[in-house]
């Protein structure tokens, strides 16, 4: 898969959220500024699982746990969709192992 | 046992142990289980190394040891050699599950609340995994529309049957008196909801093999063990503890009713197995193994590491997964990655680390560390702290992802990965920890009555389930059917026989990918044609 641009990544995340969020209690519009924990009500474990859906979609692995650990170390307890877009953009590589 | 395939009911009681169940049965809190035990067979069931939920239940549902099925712990490295951890999933599963095997043998199965069953593997039947949060449960189930089907059950509570990581943290954090009643009642209700799901499926689309793991026993025994073991509560309880104990006994009575209902679903022609993944026992001390490794010169903490007292003993799942930043990796040779593994990993330069020892030093370092651990004495009692050590080769057939050394402690406890000034410290309160011996009970046509069998191994459960369905035992299964469980006439009429080996995980995955809806429809038609489905 060719490396997608940030707009495509954002749309991919939206599509993934739409796919997995059928039972969720969030009906607002999701933008790049939407917080995953505070706004969508996710727990950190849910974010990791969301990451695994994205790995499945992109057919490559991303260091999500390492990223979340670093955020926790910086006492950043939530992240925006835009942070997730930036993270995937940074780590997307056709050389990454296929999951 | 008959040639015709009867219903097989597998009731999984996570963490059930005779040392708790027998007194409860004798005291009249579990009358059905007492009757079941008297009318069938029972045996102690030796668990996996280590005796923890993911490898043990995976052994029950694959018939293979952790060395072969590849599930060793709750966690796995995020990538090869990474210190960062994720939960294990079916992607790490190296063997075919019994559910897939049954599918290939024209049997249907409902497997409910088993760990390591997500992402789902298509089978002829139904799969709802354990250890999945409610937000992701829909996509972890098979078939994909199962959740919509279940939502038609009056009063069905999706959130209750899912894994609530926040609530479950009390297993390691402890539970205050004020929280105790609601937490116990939560587990009673959760178990009841799972039973309700199986009741519904057995009416909606009966399966040949129905397997449900009820996990309340494990959770409650971790926190309230002294209130359940007569050796402890016999010495006297406070009024507050008596109140909690009374609520616990009510839970076990409710559980007894659930077991009775599940056995009723199997019917008089069905076979019912009651199994646990491991046993339970008391632990009164914490053993800080990473701190010991520091004292012995194998490990160096990073500046971010704070002591256990400063971190308020944070042993949550999050803390476990994130502990990688606590170590100074450049100066660490050996460390414990997860408390649940009781395993030590040795950093070997160029193999699993950029730092660590040279490959040619590995045997010497590992043997020396093993000797040092075996020589460790308890500061209060003088007894040997480490009572068993297995190398990667001994415990896991040399599996690369396995710890280099796996320990059994004097009290069967799990180690702490946290930093501490003392290596062994008394716990604030006695806790329940996993012991190796779980339970096995069986009842049904052809099964002997009132017999205590020799101790069994957890590897023997899967063959017993297949035998109850009149199926061959795959030749690569590592256990067998305990033939002394079966009436001699029944055994003569239906001898145990071995068949072809299971398919590997790759084939299973390939089959799963290829099994689209059209294929499933064909399988269903075929099963109906064979009279297996109404």
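Protein chains in written order, with the numbering used here: chain A, 1 to 99; chain B, 1001 to 1534. Here a beta-carbon is modelled for each residue, glycine too, at the ideal position from N, C-alpha and C. In this text, all values refer to a predicted model and were calculated from it rather than measured experimentally.
Those residues which DSSP pairs with residue i across a bridge
i, result
"residue 1271 of chain B", "B:1008"
"residue 1456 of chain B", "B:1045"
"residue 1441 of chain B", "B:1042 and B:1274"
"residue 1111 of chain B", "B:1127 and B:1211"
"residue 1280 of chain B", "B:1434"
"residue 1301 of chain B", "B:1327"
"residue 1386 of chain B", "B:1409"
"residue 1085 of chain B", "B:1077"
Exposure label - residue i; buried when at least 16 CB within 10 Å
i, result
"residue 1217 of chain B", "buried"
"residue 1045 of chain B", "buried"
"residue 1431 of chain B", "buried"
"residue 1047 of chain B", "buried"
"residue 1009 of chain B", "buried"
"residue 1358 of chain B", "exposed"
"residue 1368 of chain B", "exposed"
"residue 77 of chain A", "exposed"
"residue 1238 of chain B", "exposed"
"residue 1492 of chain B", "exposed"
"residue 1083 of chain B", "buried"
"residue 1107 of chain B", "buried"
"residue 1155 of chain B", "exposed"
"residue 1109 of chain B", "buried"
"residue 6 of chain A", "exposed"
"residue 1263 of chain B", "buried"
"residue 1449 of chain B", "exposed"
"residue 1488 of chain B", "exposed"
"residue 1313 of chain B", "Its pLDDT being 46, under 50, residue 1313 of chain B is placed unreliably in this model, and the value from its coordinates should be taken loosely. It is buried - the Cβ of residue 1313 of chain B has at least 16 other Cβ atoms within 10 Å."
"residue 1231 of chain B", "exposed"
"residue 1258 of chain B", "buried"
"residue 1235 of chain B", "exposed"
"residue 1475 of chain B", "exposed"
"residue 1204 of chain B", "exposed"
"residue 1363 of chain B", "exposed"
Own chain residues within Cβ distance below 8 Å of residue i, not counting five before or after
i, result
"residue 1025 of chain B", "1031, 1033, 1034 and 1037"
"residue 1365 of chain B", "1333, 1334, 1346 and 1357"
"residue 1283 of chain B", "1411, 1412, 1413, 1427, 1430, 1431, 1432 and 1433"
"residue 1540 of chain B", "The structure shown does not extend to residue 1540 of chain B, since chain B is modelled only from 1001 through 1534, so no value can be given for it."
"residue 1453 of chain B", "1041, 1042, 1043, 1440, 1482, 1484 and 1485"
"residue 1377 of chain B", "1383, 1384 and 1385"
6 Å Cβ shell around residue i - same chain, five flanking residues per side excluded
i, result
"residue 1408 of chain B", "1387 and 1388"
"residue 1464 of chain B", "1481"
"residue 1479 of chain B", "1457, 1459, 1460 and 1463"
"residue 1128 of chain B", "1112 and 1141"
"residue 1374 of chain B", "1386"
"residue 1380 of chain B", "none"
"residue 40 of chain A", "26"
"residue 1292 of chain B", "1423"
Alpha carbon of residue i to alpha carbon of residue j, nearest angstrom
i, j, result
"residue 1116 of chain B", "residue 10 of chain A", "30 Å"
"residue 1219 of chain B", "residue 1131 of chain B", "13 Å"
"residue 1370 of chain B", "residue 1326 of chain B", "24 Å"
"residue 1295 of chain B", "residue 1289 of chain B", "10 Å"
"residue 1240 of chain B", "residue 1175 of chain B", "13 Å"
"residue 1152 of chain B", "residue 94 of chain A", "44 Å"
"residue 1495 of chain B", "residue 1225 of chain B", "42 Å"
"residue 1444 of chain B", "residue 1134 of chain B", "36 Å"
"residue 73 of chain A", "residue 1305 of chain B", "11 Å"
"residue 1285 of chain B", "residue 1425 of chain B", "5 Å"
"residue 1249 of chain B", "residue 1227 of chain B", "10 Å"
"residue 1527 of chain B", "residue 1101 of chain B", "Low per-residue confidence applies at residue 1527 of chain B: pLDDT is 33, beneath 50, and the placement is therefore not dependable, though the value from the model is reported in the following sentence. Each residue's Cα considered, the two are about 15 Å apart."
"residue 22 of chain A", "residue 1087 of chain B", "23 Å"
"residue 1272 of chain B", "residue 1195 of chain B", "15 Å"
"residue 32 of chain A", "residue 1355 of chain B", "40 Å"
"residue 83 of chain A", "residue 1416 of chain B", "34 Å"
"residue 1513 of chain B", "residue 1123 of chain B", "At residue 1513 of chain B, the pLDDT of 47 sits below 50, so the modelled position is not reliable; the number obtained from the coordinates is stated separately. For residue 1513 of chain B and residue 1123 of chain B, the distance between alpha carbons rounds to 11 Å."
Proximal chain D residues relative to residue i, where beta-carbon distance stays under 7 Å
i, result
"residue 1138 of chain B", "Here chain D cannot be found, since the structure's protein chains are A and B."
Sequence-distant residues of its chain with Cβ nearer than 7 Å to residue i (five each side left out)
i, result
"residue 1302 of chain B", "1325, 1326, 1327 and 1328"
"residue 1202 of chain B", "1210 and 1265"
"residue 1160 of chain B", "1189, 1190 and 1193"
"residue 1270 of chain B", "1006, 1007, 1008, 1009 and 1444"
Does the pairing of the segment 1428-1446 of chain B with the segment 1409-1416 of chain B give three or more beta-carbon distances under 8 Å?
-> yes
Evaluate contact between the segment 1178-1186 of chain B and the segment 1143-1155 of chain B, counting only Cβ atoms and requiring at least three cross-stretch pairs below 8 Å.
-> no
How do the segment 1394-1409 of chain B and the segment 1052-1070 of chain B stand: do at least 3 beta-carbon pairs fall below 8 Å, yes or no?
-> yes
Using 8 Å as the threshold, is the segment 1075-1082 of chain B in touch with the segment 1057-1064 of chain B, meaning 3 or more CB pairs across them?
-> No, the segment 1075-1082 of chain B does not touch the segment 1057-1064 of chain B.
Taking three-plus beta-carbon pairs below 8 Å as touching, is the segment 1011-1018 of chain B in contact with the segment 1272-1281 of chain B?
-> yes
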